[in-house]
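Residue numbers (our numbering), protein chains in the order written: chain A, 1 to 778; chain B, 1 to 163.
Contents: one structure, followed by commentary.
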Amino acid sequence: MVVEDPRSIVKRWLEAESLLVVGKSVERADSIEKALGRARFVEDFFEEGYLVARLVLAKVPHARLRAIDYSRALGVPGVARVLTYRDVPGENQVGYAIPDQPLLAEGKVRYCGEPVAIVVGRNPDAVNEAVELVELDIEPLPALLDPLEAMERRDVLVHDSLGSNIAFRTRVRKGDVEEGFSKADVLVENTYRTHHQEHAYLEPEAALAIPDLENRITVLATIQYPHLGQRIVSRVLGTPASYVKIVAPYIGGGFGGKDDEGPLVAARAALAAYHLRKPVFLYYTREDSIQTHPKREAAVIRYKSGASRDGKLTAIEVTIIHDTGAYANRGPFILWRATMHSSGPYYVPNAKVDGYCVYTNKVPQGSFRGFGNPPIHFAVESQMDRLAEKLGMDPVEFRLANMLRPGSETLTGQVLESSVGVHEALRRLAAASSWRTKRQEYERSRTGRFRRGIGAAVAWHGNSTSRGVPDWSNAYIHVARDGSVSVYTGIVEMGQGSPSSSHRQLVAEILGCPADKIRVVFGTTDAPDSGATHASRGTSVGAIGIVVAAGRIRSRLESFLSEYYNVERERIRMSGGQVVVDGEVRMSWEELVALAYTKGVDLSATGYFFLPKGAFNDDVGQGFAYPAFSFIAVIAEVEVDTCTGGVRVLEVHPALAIGRVINPEAVKTQVEGAVLQGIGYALMERLVFSPEGRIVNDNLTDYVIPTSHEVPVIRDPIFVEDLWEFGPFGAKGVGEMAFIPMPAAVANALSHALGARITELPLTPERVYSVIKQISGG
Amino acid sequence: MRVAFTLNGHRVEVDVESSETLLDTLRLRLGVKSVKRGCERGECGACSVLLDGRPVVSCLLLTVQVEGREIVTVEGLYGDELFEELFEEFSKNFAIQCGYCTPGMLLTSYALVKRASGGPLRVSGDHIVKAIEGNLCRCGTYPRVVRAVSRVLERRLPSGSRL
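This is the structure we're talking about:
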């Protein structure tokens, strides 16, 4: 019997044993073409004769926009057209969570850097000159730059029609916090502040829009979700989605930034091509990119928590305020995620959490690796250390005493029956990193110029989308007559490697064909909608559809072979490119495919899988939050120079509970990259705003990201393979994981070295030095 | 303005603006796509090329400055034994993620290994870290690049000078 049911297929491969390809560090399929410079990124498709375009950005933070005068810009030889909101044939509305954002400013400008117009011309020099000649007739308005002020003000509104500067609220009400605090023997209360972070992907945003290719408009874009780009372009142009094709070729880093900006850069290029009927290449300079696109959440978090003498958390009370900037963008989802994770991976009986997503006249807040979780974990894990200290407990022991285990109830009252390996992860990590010994050793030597500290932090991160947004996976697989296999997915390749490593491995394992027969066609709307490449879902959710589609083809081939050889299916093995019956090789993969073609076996399949989710009550923040959680624990060792305040991370020990590890080396690269980005955020990266709210350091000279010199020793991770029932072979998400605990781990290690705590990021030399001076009475 | 130079072993002559960067000439006039635009102010190293064998950023060079000189990009190293050894190690060590910095990172590594194998220079892991400090990688592949280059150096340097 042919098995086509998605749940049965996912279960079969979850339980499969003696895997040949899954779990092996198979080299990535894209390495060689990237090394040879043959891998094409959006800009590499630009050819002579195409039109070029750049954005005109607002230079004021808040103003009524009376008129846009581009007559002088049009006078520049080579300039073809200037487009404004008046030229949008469909809807000038691109807000993801709330319909508050125009594609091009209309009526008002709300932040320095907001796109107001698009200049199109025959060469970059003409366009660059013309961009400076577009004049805005404006009436300046008072600008709100501080979210704490903005949430109180009614006289100045970023969005007039909303009547408030609070874009979105979240809350959790669980148990009775007053009673919880009354049972506490120790209380800790602090305010934590975190800052914006720039993605600084090496490839700035770009899009190439080609009208009339395949009788529709085709846009190649730096985008993490082609099907979302299709939806936005279709809305802006007033064209059915089926007439819009989006392709994400190789992407030079995304980290969430191209999830927010990707559809917008695609829509702007498409708008220009729509009017000019010629290919248009729209590019952001580095400065345009930093001024315009949304940033990691800047947060103010007030956190109070209590614990009893026996080391159990009794209650938490938390207020989270996110500076969402001029537009909500994905802010409501980011705040929701932060709120529902605000206990950390611990059992908390009583909780009161309030979240506010607040408009200001600054660059919007957006998606960035961790999506709201790094700041809240910075707060949670700083609190946990302080509570442990007050209780006189070891920080790791205190965490273990409160940690979620199978059967535990989360902050939102969701009971996690399985796939909760975090307790084991931290326990094994503490042993492997010589935590206790080093902790004591560094405490004994808190003298001299250079001091060392060791700190732990643990994090959890719900798999799939937030706010119960429906999530699904899909893919299309086709086996050609020569036995080569094409896999079509909307998941993109932005460095994370899912199409280039895990997707191939899954198909090779399930079909039993050689991995080099498999080509993954990624990042295209010609594939079924596979959801976005965000939320660590490229493999964990994105590839479920691949398992289902491949599983269907496998099942059909097994049925055929069983009939052909007249044996039970259990006696047939398909692996490593061979068909084996009763231990005897009968034919090769290629022979099997050729034969199947002549016998009426359908070797094409889709693999739709809809993720089951439960109910959630937003009034009290209780219910089903996420289908599974990934977990990570890290222990970081730092050295601080007490003469300069400079902090160096020496060593990082990670342990992950992320279900099945499909490609260990590929997973390690995600861990290492996230650790380094997290260190950048914790220690050195900082966007500086002028008093008018303009980003001052909009280039890679003044916005400093880690170089080869900042790399600590990153130990091989400990993996706890706590399989997730719906994940491909039980895999959960990993891409964001190592970022989330890093700021907290570094801060905890620094505080261990100094004997004093800093509650505001980044931990720059100035900030650290001022604390050193305080504690030494200087 | 007419400029003549050697690109990947071939003499080229191009008409350029006097203010044109080598990055633009390579990408837009000569179709060399491996040289990437990242910051256009010499900060990221994605546009690295070899100028007379030394790594330089092509966004800070005017094309008129390379008159008569030799420019090499990864396209010019196809078939080069050392280059192949390097990129195979990059692949084996998962030193390539998004790939945007990769051609520049490989050219810088190539120049380092060439220099190290040409003389009595002692090369350590720190030298590799130093050599690639101007090639930014936001995916964070640095430790793997260092490992890949170390493997090549270990094989190429006389025994006894292991890293």
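We treat Cβ as the ideally placed atom computed from N, Cα and C, and that holds for glycine.
Using a beta-carbon distance cut-off of less than 8 angstroms, what residues from the region 701-732 of chain A approach chain B?
T701, I705, P706, T707, S708, H709, V711, I714
Per-residue burial, A/T539 [other beta carbons within 10 Å of its own, 16 or more giving buried]:
Position 539 of the first sequence, counted from the first residue, corresponds to residue 539 of chain A. The residue in question, A/T539, is buried, as its Cβ has 16 or more Cβ neighbours within 10 Å.
Sequence ranges, alpha helix (DSSP H) only - wholly within the region 217-267 of chain A, length at least 4:
226-237, 257-260
Please classify A/M742 as buried or exposed, where buried requires at least 16 other C-beta atoms within 10 Å of its C-beta.
Within the first sequence, numbered from 1, the residue matching residue 742 of chain A stands at position 742. The residue in question, A/M742, is buried, as its Cβ has 16 or more Cβ neighbours within 10 Å.
How about the region 210-221 of chain A and the region 322-342 of chain A: do they share at least three Cβ pairs that are nearer than 8 angstroms?
no
Give me the residue from A/I510, A/A457, A/L723 with the minimum Cα distance to A/V746.
Counted from its first residue, the first sequence places residue 746 of chain A at position 746. Ranking A/I510, A/A457, A/L723 by Cα distance to A/V746 puts A/A457 first.
Chain-ordered chain A contacts of B/L61 [CB-CB under 8 angstroms]:
Numbered from 1 along the second sequence, position 61 holds the residue referred to as residue 61 of chain B. Here the premise fails: no neighbours, minimum Cβ distance about 18 angstroms.
Should A/P240 go down as buried or exposed, given a rule of 16 or more other Cβ atoms within 10 Å for buried?
Walking along the first sequence from the start, residue 240 of chain A turns up at place 240. The residue in question, A/P240, is exposed, as its Cβ has fewer than 16 Cβ neighbours within 10 Å.
Taking DSSP as the reference, what is the three-state secondary structure of A/N748?
As a working note, residue 748 of chain A is residue 748 in the first sequence. If DSSP states are grouped into helix, strand and coil, A/N748 belongs with the helices.
Since A/A475 sits in a beta bridge, which residues does DSSP pair it with?
On the first sequence, residue 475 of chain A is found 475 positions in, with the first residue counted as 1. A/A475 pairs with nothing; no bridge assigned.
Have a look at A/G646, A/E651, A/F631 and flag the residue whose alpha-carbon is nearest the alpha-carbon of A/E637.
Here the question's residue 637 of chain A lines up with position 637 in the first sequence. The shortest C-alpha separation from A/E637 is found at A/E651.
Whole angstroms is fine: what's the gap from A/Y476's alpha carbon to A/L557's?
As a first step, residue 476 of chain A must be located in the first sequence, where it is residue number 476. As a first step, residue 557 of chain A must be located in the first sequence, where it is residue number 557. The alpha-carbon atoms of A/Y476 and A/L557 are separated by roughly 17 angstroms.
Return the bridge partner residues of A/H653 from the DSSP annotation.
Taking the first residue of the first sequence as position 1, residue 653 of chain A is located at position 653. A/H653 is bridged to A/I635.
DSSP beta-bridge partners for A/S604?
The residue labelled residue 604 of chain A in the question sits at position 604 within the first sequence. Partner(s): A/H478.
What residues from chain B crowd round A/A39, counting only those whose CB sits closer than 7 angstroms?
What you label residue 39 of chain A is simply residue 39 of the first sequence in a count that begins at 1. The contacting residues are G99.
Burial state of B/C44 (16 or more Cβ within 10 Å)
As a working mapping, residue 44 of chain B is identified with position 44 in the second sequence. Buried, because 16 or more other Cβ atoms sit within 10 Å of the Cβ of B/C44.
At 7 angstroms on the CB atoms, spell out the chain A contacts of B/P143, in chain order.
Within the second sequence, residue 143 of chain B is the residue found at index 143, counting from 1. Within 7 angstroms Cβ-Cβ: E672, V711, I714.
Near-chain B residues of the region 218-244 of chain A - C-beta to any C-beta below 7 angstroms:
none
To be precise: take each residue of the region 649-677 of chain A, compare its Cβ to all Cβ atoms of chain B, and keep it if any distance is under 8 angstroms. Which residues remain?
E665, A666, K668, T669, E672, G673, A674, V675, L676, Q677
Using a 10 Å radius around the Cβ and a threshold of 16 neighbouring Cβ atoms, would you call A/V567 buried or exposed?
Here residue 567 of chain A is taken as the residue at index 567 of the first sequence, counted from 1. By the 10 Å Cβ count, A/V567 comes out exposed.
Roughly how many whole angstroms lie between the Cα atoms of A/S502 and A/F729?
Against the first sequence, residue 502 of chain A aligns to sequence position 502. Against the first sequence, residue 729 of chain A aligns to sequence position 729. If I take the Cα positions, the gap works out to 11 angstroms.
Distance between beta carbons of A/R337 and A/L754, contact taken as under 8 angstroms
One-based indexing of the first sequence puts residue 754 of chain A at position 754. One-based indexing of the first sequence puts residue 337 of chain A at position 337. With 8 angstroms as the limit, A/L754 and A/R337 do not qualify as a contact, their Cβ atoms being about 31 angstroms apart.
Under the rule that 16 or more other beta-carbon atoms within 10 Å means buried, what is A/S418, buried or exposed?
What you label residue 418 of chain A is simply residue 418 of the first sequence in a count that begins at 1. By the 10 Å Cβ count, A/S418 comes out exposed.
Decide if A/H199 is buried, meaning its Cβ has at least 16 other Cβ atoms within 10 Å, or exposed.
Taking the first sequence and counting its residues from 1, the one referred to as residue 199 of chain A is at position 199. The residue is buried, with at least 16 neighbouring Cβ atoms inside 10 Å.
Looking at the secondary structure, which residues open and close the alpha helix (DSSP H) in which A/G673 lies?
Residue 673 of chain A sits at position 673 when you count from the first residue of the first sequence. Element bounds for A/G673: 664-683.
Which residues does DSSP list as the beta-bridge partners of A/K108?
Position 108 of the first sequence, counted from the first residue, corresponds to residue 108 of chain A. Answer is A/R64, bridged to A/K108.
Would you list the one or two residues that DSSP bridges to A/T460?
Within the first sequence, numbered from 1, the residue matching residue 460 of chain A stands at position 460. The residue asked about is misnamed: residue 460 of chain A is Trp in this sequence, not Thr. Note: A/W460 sits in a beta bridge opposite A/F631.
In whole angstroms, what separates the C-alpha of A/V26 from that of A/T525?
Residue numbering aside, residue 26 of chain A sits at position 26 when the first sequence is read from its first letter. Residue numbering aside, residue 525 of chain A sits at position 525 when the first sequence is read from its first letter. Approximately 28 angstroms, taken between the alpha carbons.
I believe A/K352 touches A/V172 by the beta-carbon criterion, under 8 angstroms. Please report the beta-carbon distance rounded to the nearest angstrom.
Position 352 of the first sequence, counting from 1, holds the residue named residue 352 of chain A. Position 172 of the first sequence, counting from 1, holds the residue named residue 172 of chain A. At roughly 7 angstroms, the Cβ-Cβ gap stays under 8 angstroms, so A/K352 and A/V172 are in contact.
7 angstroms CB neighbourhood of A/G370 in its chain, flanking five on each side removed:
Mapped onto the first sequence, residue 370 of chain A falls at position 370. So the list reads E736, F739, I740, once near-sequence residues are dropped.
Exposed or buried, A/C643, counting other C-beta atoms within 10 Å across all chains shown (16 or more means buried)?
As a position in the first sequence, residue 643 of chain A is number 643, starting the count at 1. By the 10 Å Cβ count, A/C643 comes out exposed.
Can you round the beta-carbon distance between A/G344 and A/E381 to whole angstroms, since I take them to be within the 8 angstroms contact cut?
Here residue 344 of chain A refers to the residue found at position 344 when the first sequence is read from its first residue. Here residue 381 of chain A refers to the residue found at position 381 when the first sequence is read from its first residue. At roughly 7 angstroms, the Cβ-Cβ gap stays under 8 angstroms, so A/G344 and A/E381 are in contact.
What residue range does the alpha helix (DSSP H) around A/R54 cover?
Mapped onto the first sequence, residue 54 of chain A falls at position 54. Element bounds for A/R54: not the alpha helix (DSSP H) but the beta strand (DSSP E), 51-57.
List, in chain order, every chain A residue whose beta-carbon is nearer than 9 angstroms to that of B/P103.
Translated into positions along the second sequence, residue 103 of chain B becomes position 103. The contacting residues are K34, A35, L36, G37.
Going by beta carbon distance, what residues of the same chain come within less than 7 angstroms of A/L429, once the five residues before and after it are set aside?
One-based indexing of the first sequence puts residue 429 of chain A at position 429. Answer for A/L429: A633, I635, H653, A655, I718, listed in chain order.
Can you list the residues of chain B that A/E27 reaches, using a CB-CB cut of under 7 angstroms?
One-based indexing of the first sequence puts residue 27 of chain A at position 27. S91, K92, listed in chain order.
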